[in-house]
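Number of protein chains: 2
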Amino acid sequence: MTDPWATFGTDLHLELRGPRLRAGLMEALREAVRTGRLAPGARLPSSRSLAADLGVARNTVAEAYAELVAEGWLTARQGSGTRVARRAVPRRPPAPAGVPPARGGTAPRGAAPARAGTALPATRPRRPVTATHSLHPGTPDLGSFPRGEWLRAARRALTAAPHEAFGYGDPRGRAELRTVLADYLARARGVHADPGRIVVCSGFVHGLMLLGKVLRARRVRDVAVESYGLDVHWNLLVEAGLRTPALPLDDRGTRTAALDREGAVLITPAHQFPLGGALPPERRAAAVDWARRTGGLILEDDYDGEFRYDRQPVGALQGLDPDRVVYLGTASKSLTPGLRLAWMVLPERLVGEVLAAKGDTDWVCSALDQLTLAEFIASGAYDRHVRGMRLRYRRRRDQLVAALAERAPHIRVSGIAAGLHAVLELPPGTERSVIQAAAWQGLALQGLDRFRHPEAARGHDGLVVGYGTPTDSAWAGALDALCRVLP
Amino acid sequence: MTDPWATFGTDLHLELRGPRLRAGLMEALREAVRTGRLAPGARLPSSRSLAADLGVARNTVAEAYAELVAEGWLTARQGSGTRVARRAVPRRPPAPAGVPPARGGTAPRGAAPARAGTALPATRPRRPVTATHSLHPGTPDLGSFPRGEWLRAARRALTAAPHEAFGYGDPRGRAELRTVLADYLARARGVHADPGRIVVCSGFVHGLMLLGKVLRARRVRDVAVESYGLDVHWNLLVEAGLRTPALPLDDRGTRTAALDREGAVLITPAHQFPLGGALPPERRAAAVDWARRTGGLILEDDYDGEFRYDRQPVGALQGLDPDRVVYLGTASKSLTPGLRLAWMVLPERLVGEVLAAKGDTDWVCSALDQLTLAEFIASGAYDRHVRGMRLRYRRRRDQLVAALAERAPHIRVSGIAAGLHAVLELPPGTERSVIQAAAWQGLALQGLDRFRHPEAARGHDGLVVGYGTPTDSAWAGALDALCRVLP
C-alpha cells in the first residue's frame, strides 16, 4: 500500500455513509487520481483489505475497482494487482482565457446588459454603483408574465397532446401552433397567413439568420436596412455574406423610395425601432411597388405590433403583398423573451428554401412550449394578456410624458404612439454624459447613437427609454431616477 | 360607385355581424383588393353611403378607410375621394418551388422519417402501405414522457422563479439548471462538472455546431470520427470547414490508438452509435493520452449513457481529463427530444470561445423548460424516470433477444448491453431487401450501412433496431412484424 492510502482510507471512511457507498467510493478514487494524491502507477490495496478498512462489503470495492478499470482510471493485471493508470503528462495548457462573467439580461432588441458599468468608458478608474433600475429598451415587463394562465394552458396542452408531439417534429414547427397563429395574425395584424407558410423559430434573430442564408444562396448581395436599428441584426446579415446599406431617413421616416437594386430590405413598418414612428402609407406602398418591380423581398420586422395606444394598430405591410413580404413576429415582447418563440410568414416559394437553410437537424424550439402557446392563444388568454399589457404600458407612457412635461419640459419626447419605448431628445453634446451620470446613480440608459447605422448621418442627441422594462414595483423609482439625470 | 360595389356591399352586409365589425370590414376590403375584385384606382363609396348600405355607424367605415389608407391599401386625396391604391404590376414570379411535404418524426440520431416510403428506391412504381410501426433508432418511447410529473415540476419552478428568469438570459443557460446538472452528472456519469463550465444548448447538434466553429477558429483542420455514426454530425463539421477522417474499427471497437495529427475526435465511448459496444479501457486511455500528448480535444457524445442494463453504467470519459474532453449530454433520449435541451461540460479554457461562437444573440433555449428541468432533476423525478425507463427498455431488450432466439435463431444480435437499440446481423446481401420488405408491410427499419462513414470499409449486412421507439402498446406488434420480415 502506498503512502497516500493511510489518510485516504480514513477520509473515505468518514465520507462513505448512506446508500451511495459505491458511487461515493468511485468518485473519491477519481478525485484522488485527478488531484495527484494517487500517483500514476500507484498500486491500490486489494479489494478485501480496503473493504475491511472501510467496513463495507468486499463486492462494493471490487465493483468500484472494475468500473474504474472500465473507465480507464485504473488498470488491473494478473499478478500486478490494481494500479492507477499511467497517463501521458498533459501538455502545458495555454494561459486560461477564463470564464467570462455571467452576462445576464442582455437583450437583442436594445442590447447591452442592464448593468451600469457597461455604459462607461473603460478608462474610468472608479466603478459605478450597481444598476438598480434599467430603462433599456427591448424587454417587456417580466413581472407581468402570466404564470398562472400559462401553467393552466400547459396543463391542457400537454394533457391533450398525442404521443408524437414529444418527438422530433416538423421543421416548420408544431402544426397546432401554426394553425392558431395563422388565425391570430390575420385577425390581429391583417397578415395574410396560412399554416403551411409559417415557420416557427427561436426568436427574430433565428429567423433573420435563416433568411440571410436563403438570400445569399439566391445570390443577393445587398439587404437595405434602416438608418437606425440594431447592429446585431446588421451583423447577422453581414455574417451571412450580405452587405447592409442604409436607407436614408427624414422627418417622416425611412425613405423607401430610395430602394434600388438591393435584393431585399429589412424594415420595421408598424413602429420603427428605435425612433418609434409608423411608416407612412405612401412609403409602405413605395416599398411594395419596388418589390414588385424588381423582384426584391421585404423583411417586415413586426416586433411589437400589438402595442399601439391612441388608435388601432397599423396592420402589417405583409397583407399588401404576401408574395413579396416576409412577416416576422415574436412572443418576446408580447409575452416573454424567455420563451424563445417567434414566427415567419413566408411567400410560398420561399418555404422550401427556408426549411433547407434550417436543415434537417435545426430543431431548436421546444415542442412543449409550442403546444402551450398554441393553447394559450386559442383559449383567448393571449388576447387578454395583450389587452392588459397594452393598458399597462399606455399608463406608463402617459406617466412618462406627464413627468417629463412637469420636470423636464424642455425635453422633446417622440415615438410615443406605440410600443414599449420612447425617444427623448437631448441638448446637443449631452447624450454620453447623461448616460454616464445615470449609470453612476444606478440607472441603466441607452443613447440613440448606439442604434445608428455606420453610414447614416449623425442625428440629434437622445435617449431610447424602454418604459416597458421595469416591473410595476420598480417603475416609479426608475421614472424618478430618469427625471433626475436629465439636463 | 364602380360596378363591383353592387355585390360587394351586399356580401359584406351578410358577413358583418357581431362585435368585430370594423376589423371584418377591413379584412373584406383587403381581400377584395388582393383578389382584384376592387381594381387599383377604383373609387370607394363615401363612408356615409357605405355605412348606410351596411347599416353600421359612419365612424366605423371612416375608421376602416383611414386604417387602410395608413396601411397603404387605399389612398385618400382631397377632392378625389378614397380609392384603391395603384400598385406596380407584380413581376411574374418564378415557378413556385411549392411547399415540401410535412416531415414528421425525423430524428437526428437515427434520422429519416418514420414512413415506410423513405426506405424505397425512388423508381419503385407502387407505393407501400403507410408505416404502422417504426423501429428506427434514435427516439425514446414518446408515450412514456412523464406528463404529470413534468407539469408538477413546471408549476413549482415557474411559481418560484424570479422575474428576471423570464428575460434574455445568461448565454450559458439558466444557472438553476447548470447547478443541478453539475451535481447530477458527477453523481450519475462520473463527470467532473462545474456550473460555470456548463453551456446549455438546444440539442447535441447545436452543441456540435458551436464546437465546430470553435475548432475552426482555432485552425483545426481534421476532426476524427468513428467508422459508424450519423452523417448529420459529420456534415455539420464539414459545413464548419472541417474534414472528418474516420478512425479504423475492429472487433473491440474504435481504434483510438490510430489518432494522430487530428485536432479533435468525436466519439461515443459509453455506447458506440450504432454498433453498441463500450470503448474498452485501454482505448479510452489511448484517447486521453493522445489528447494530452498532442493538445487535441475529445468530444464525448454521451447520448444515452443512463441506459445500461446488466451492470452499472460506464462512467464518462470526461472524468479522466476534464481539460481535454468536452462532455455532451442530452435530455432527448432520457426524457424527450421535444424539449430541445442538451448540455456541454467544457474545459475552462473553451468556455469563452464557445460563448463567442454562440453569439450574444444565440439564445435558443426556453427559459421555462430550463427552469422546469432543473426542478425535475432536483426533485428526484428525473432519477425515478430514468430508473423506470431503464427497467422498461431492459424488458424490451430481453423480449427482443428472446423473440429472435425463438423465431430467428440464425440472426446474431449485438450491442444489447445498453441503450435503446440493438444491431441484428443479416445474411450477406439481404440488408436492402429486408428493409424494403418491411416497408411494404408497414414496418420502418434502418440498415447498418446508412450509418457507415464513406471512408470506412463495408461491414456485414445488418439492421439497427430501435426497440425504444414504439410506445408500449405498439411494441408487441412491432416486434412481431420484425420477426416476420427477417430472412
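Residue numbers (the working numbering), protein chains in the order written: chain A, 294 to 780; chain B, 294 to 780.
The beta carbon of each residue, even a glycine, is placed where N, CA and C say it ideally should be.
- No Cβ-Cβ contact shorter than 8 Å links B/A635 with B/V607.
- For B/H714, the enclosing beta strand (DSSP E) stretches over residues 714 to 718.
- Burial check for B/E532: the Cβ neighbour count within 10 Å stays below 16, so the residue is exposed.
- Using a Cβ-Cβ cut-off of 8 Å, A/D662 counts as an interface residue toward chain B, since at least one Cβ of chain B sits closer than that to its own.
- Membership of B/L331 in any alpha helix (DSSP H) is not indicated, and neither H nor E is assigned to it by DSSP.
- Chain-order list of chain A residues neighbouring B/L444: L444, A447, R448, L451, T452, by C-beta distance under 9 Å.
- Residue environment: A/Q565 is assigned as buried (16 or more neighbouring CB atoms within 10 Å of its CB, all protein chains considered).
- With distances taken between CA atoms, A/L592 lies nearest to A/D616 out of A/D616, A/K651, A/Y760, A/A321.
- When DSSP states are grouped into helix, strand and coil, A/Q565 belongs to the coil group.
- For B/G708, the closest alpha carbon among the candidates B/D691, B/P702, B/A701, B/G722 is that of B/D691.
- Residue nearest to A/A774 within the set A/D544, A/L693, A/A710, A/H714 is A/L693 (criterion: CA-CA distance).
- Within the DSSP secondary-structure output, B/Q739 pairs in a beta bridge with B/V757.
- If you look at A/C494, you'll find it isn't in any alpha helix (DSSP H); it sits in the beta strand (DSSP E) that goes 491 to 494.
- Scanning the region 550 to 623 of chain B for uninterrupted beta strand (DSSP E) segments of 3 residues or longer gives 557 to 560, 590 to 594, 618 to 623, listed from N- to C-terminal end.
- Listed by position along chain B, the residues whose Cβ is nearer than 7 Å to that of A/L632 are S659, L661.
- Leaving aside the five residues that flank B/D662 on each side, the residues in its chain whose CB is nearer than 8 Å to its CB run, in chain order, L632, R633, L634.
- Here A/T762 is near A/H429, since their CB atoms are less than 8 Å apart.
- Using a CB distance cut-off of 8 Å, B/E555 does not count as an interface residue toward chain A.
- Contact note: B/M319 reaches chain A through G483, G608, using a C-beta cutoff of 8 Å and chain order.
- Taking C-alpha positions only, B/I670 is separated from B/V619 by approximately 22 Å.
- A direct Cα-to-Cα measurement between B/M682 and B/S437 gives close to 8 Å.
- Distance from the CA of B/A345 to the CA of A/R601, rounded to the nearest whole angstrom, comes to 30 Å.
- In chain order, H456 make up the part of chain B whose C-beta sits under 7 Å from the C-beta of A/G436.
- Chain-ordered, the chain B residues with CB closer than 7 Å to the CB of A/E360 read Q605, G608.
- Out of A/D765, A/L444, A/A771, the CA that lies nearest to the CA of A/L697 is found in A/A771.
- At least one CB atom of chain A sits nearer than 8 Å to the CB of B/H499.
- A Cβ-Cβ contact shorter than 8 Å links A/L559 with A/V516.
- For A/H678, the three-state secondary structure derived from DSSP is helix.
- Taking the Cα positions, A/G759 is about 14 Å away from A/E718.
- Taking the CA atoms as reference points, A/D676 sits about 32 Å from A/T549.
- Those residues of the region 332 to 358 of chain A placed with their C-beta closer than 8 Å to a C-beta in chain B are E356, ordered along the chain.
- With fewer than 16 other Cβ atoms inside 10 Å of its own Cβ, A/H703 counts as exposed.
- For A/A609, the closest C-alpha among the options A/G483, A/Q371, A/A475 is that of A/G483.
- Residue-level contact check: A/P574 touches chain B, since one or more beta carbons of chain B fall below 8 Å from its beta carbon.
- According to DSSP, residue pairing for A/H426 in a beta bridge involves A/L736.
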